[in-house]
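Trainee: Please find one structure pasted underneath; my questions will follow.
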Amino acid sequence: MSNKAIFMDRDGTLIKDPGYINNPDQVKLLSGTSEALKQFKQMGYKRVIVTNQSGVARGIVSEEVLKQIHERLKKLLAQEGAGVEGIYYCPYHPDGVIEKYRKESENRKPSPGMILAAAKKMDIDLERSWVIGNSYRDIAAGQRAGCKTILINAEFDQTYRKPTDPVPDKQAVNMKEAVNIVKMYDRRSRSAVEKTTSISEDDGPSEHEIRQPDTVPAEQQSRVAQVRAKGGHGEAEASKTNKLLEEMLRHIKEMQREGMFEEFSFAKVVAGIIQAVVLLCLFLSLVFLTDHTKSASSVHTMIGYAIALQLMVIALYMMRDRR
Numbered sequence: 090m091s092n093k094a095i096f097m098d099r100d101g102t103l104i105k106d107p108g109y110i111n112n113p114d115q116v117k118l119l120s121g122t123s124e125a126l127k128q129f130k131q132m133g134y135k136r137v138i139v140t141n142q143s144g145v146a147r148g149i150v151s152e153e154v155l156k157q158i159h160e161r162l163k164k165l166l167a168q169e170g171a172g173v174e175g176i177y178y179c180p181y182h183p184d185g186v187i188e189k190y191r192k193e194s195e196n197r198k199p200s201p202g203m204i205l206a207a208a209k210k211m212d213i214d215l216e217r218s219w220v221i222g223n224s225y226r227d228i229a230a231g232q233r234a235g236c237k238t239i240l241i242n243a244e245f246d247q248t249y250r251k252p253t254d255p256v257p258d259k260q261a262v263n264m265k266e267a268v269n270i271v272k273m274y275d276r277r278s279r280s281a282v283e284k285t286t287s288i289s290e291d292d293g294p295s296e297h298e299i300r301q302p303d304t305v306p307a308e309q310q311s312r313v314a315q316v317r318a319k320g321g322h323g324e325a326e327a328s329k330t331n332k333l334l335e336e337m338l339r340h341i342k343e344m345q346r347e348g349m350f351e352e353f354s355f356a357k358v359v360a361g362i363i364q365a366v367v368l369l370c371l372f373l374s375l376v377f378l379t380d381h382t383k384s385a386s387s388v389h390t391m392i393g394y395a396i397a398l399q400l401m402v403i404a405l406y407m408m409r410d411r412r
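Set out below in structure tokens:
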């Protein structure tokens, strides 16, 4: 089976970005970088850096010094028990002052050349892989290569999207949150595979479990039909209500699972409080549904409150995701 990989930008994603780095001493790991790389390894991902380095074409740094910078980066990671399986860089730029490097290149992001080269060399399945970076060039390169994408959009260094920019699959404020996004995706994927496997292995009931229905007298069949006709409308209404409640509860559980891996925020606290009220409304609607002294309007009122509040929760999460 092919490998899966995390392709990462360098400056502003793994290390601090002071501008053009032209000295190994300028390499400073961002908080959480080493831990994120270690967790990706535990999850079975190859870790590959893909970085545009137009400073070479601009005469700011030589390839020799760039290699020293990358050696310094690997040393800092190793000191914290982390590492990467590959570092790919593109030194070219069409406006470079060094003639040797003054050209367009399929390796320069947003083109996917570096990702494709690494995938070929390391036998990487791009559909199972991710690209993580703090610019829309990273996202475009990842999408063109067929990977899933995460935009690092730190609160202290906001990246604003232009209409022509691609839409990332996910956004994270740092590498820690990016790890949690990948973890959650993998967990859901495994769950879906296990469910599919379970269904395919189900051979159905054995022969002795298949029984013919007993014969029912015609008179009894008539009485049963009359009872069903009378209660049919009520049962249909109850069925619709139950399905609606089940769908809302499923959605709530899904959001709660996602919330386990998100960063703290005021919007999240407010959403959590409102979510608790939603659960209370749903509980009351279930109580009213089983209480024959309560009218159907009471149930519908509680469900209406729950829906309205749930929409508020969704709006808060959407506002948070737009940050």
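Taking my numbering, the leading residue of the sequence shown gets 90, the next gets one more, and so forth.
All residues carry an ideal CB built from backbone N, CA and C; glycine is no exception.
1. For Asp98, name the three-state secondary structure that DSSP assigns.
2. Going by C-alpha to C-alpha distance, which of Val262, Gly202 and Gln399 sits closest to Leu369?
3. Using the three-state DSSP reduction, which class does Gly108 fall into: helix, strand or coil?
4. Can you tell which of Pro257, Val173 and Arg147 has its C-alpha closest to the C-alpha of Gly133?
5. Hey, would you say Leu215 sits closer than 7 Å to Gly235, going by beta carbons?
6. Quick check on DSSP: helix, strand or coil for Tyr177?
7. Please classify Ile241 as buried or exposed, where buried requires at least 16 other C-beta atoms within 10 Å of its C-beta.
8. Determine the DSSP secondary structure at Gly222, reduced to helix, strand or coil.
9. Can the beta-carbon of Gly202 be found closer than 7 Å to that of Asp98?
10. Counting contacts by CB-CB distance shorter than 7 Å, is Asn111 in contact with chain D?
11. Mind checking which residues open and close the alpha helix (DSSP H) that includes Lys135?
12. Give me the DSSP bridge partner(s) of Thr238.
13. Counting pairs of beta carbons, one from the stretch 184 to 191 and one from the stretch 101 to 119, are three or more of them closer than 8 Å?
14. For the beta strand (DSSP E) containing Ala261, list its first residue and its last residue.
15. Where does Asn92 sit, in a helix, a strand or coil, going by DSSP?
16. Using the C-alpha atoms, what's the distance from Ile270 back to Arg279?
Mentor: Let me spell this out:
1. Locating residue 98 in the sequence shown gives position 9, where the first residue counts as 1. Coil, per DSSP.
2. The residue you call residue 369 lines up with position 280 of the sequence shown. The residue with the shortest Cα to Cα distance from Leu369 is Gln399.
3. Here residue 108 corresponds to residue number 19 of the sequence shown, with the count starting at 1. If DSSP states are grouped into helix, strand and coil, Gly108 belongs with coil.
4. Residue mapping note: residue 133 aligns to position 44 of the sequence shown, counting from 1. Per the C-alpha coordinates, the member of Pro257, Val173 and Arg147 positioned closest to Gly133 is Val173.
5. Counting from one through the sequence shown, the residue named residue 215 turns up at place 126. Counting from one through the sequence shown, the residue named residue 235 turns up at place 146. Contact flag set, yes.
6. Locating residue 177 in the sequence shown gives position 88, counting from the first residue. In the three-state scheme derived from DSSP, where H, G and I count as helix and E and B as strand, Tyr177 is classed as strand.
7. Numbered from 1 along the sequence shown, position 152 holds the residue referred to as residue 241. Around the CB of Ile241, 16 or more other CB atoms lie within 10 Å, so the residue is classed as buried.
8. If you number the sequence shown from 1, residue 222 lands on position 133. Residue state, collapsed to three classes: strand.
9. In the sequence shown, the residue the question calls residue 202 occupies position 113. In the sequence shown, the residue the question calls residue 98 occupies position 9. Contact flag unset, no.
10. Here chain D cannot be found, since the structure has a single protein chain.
11. As a first step, residue 135 is located in the sequence shown; it is residue number 46 there, counting from the start. Taken as a continuous stretch (DSSP letters only), Lys135 belongs to no alpha helix (DSSP H), being part of the beta strand (DSSP E) at Tyr134 to Asn141.
12. Within the sequence shown, residue 238 is the residue found at index 149, counting from 1. Thr238 is bridged by DSSP to Val220.
13. Touching, no.
14. Numbered from 1 along the sequence shown, position 172 holds the residue referred to as residue 261. In the DSSP assignment, Ala261 falls within the unbroken beta strand (DSSP E) covering Lys259 to Ala261.
15. Position 3 of the sequence shown, counting from 1, holds the residue named residue 92. Residue state, collapsed to three classes: strand.
16. For the purposes of this step, residue 279 is taken as the residue at position 190 of the sequence shown. For the purposes of this step, residue 270 is taken as the residue at position 181 of the sequence shown. Each residue's alpha carbon lies about 14 Å from the other.
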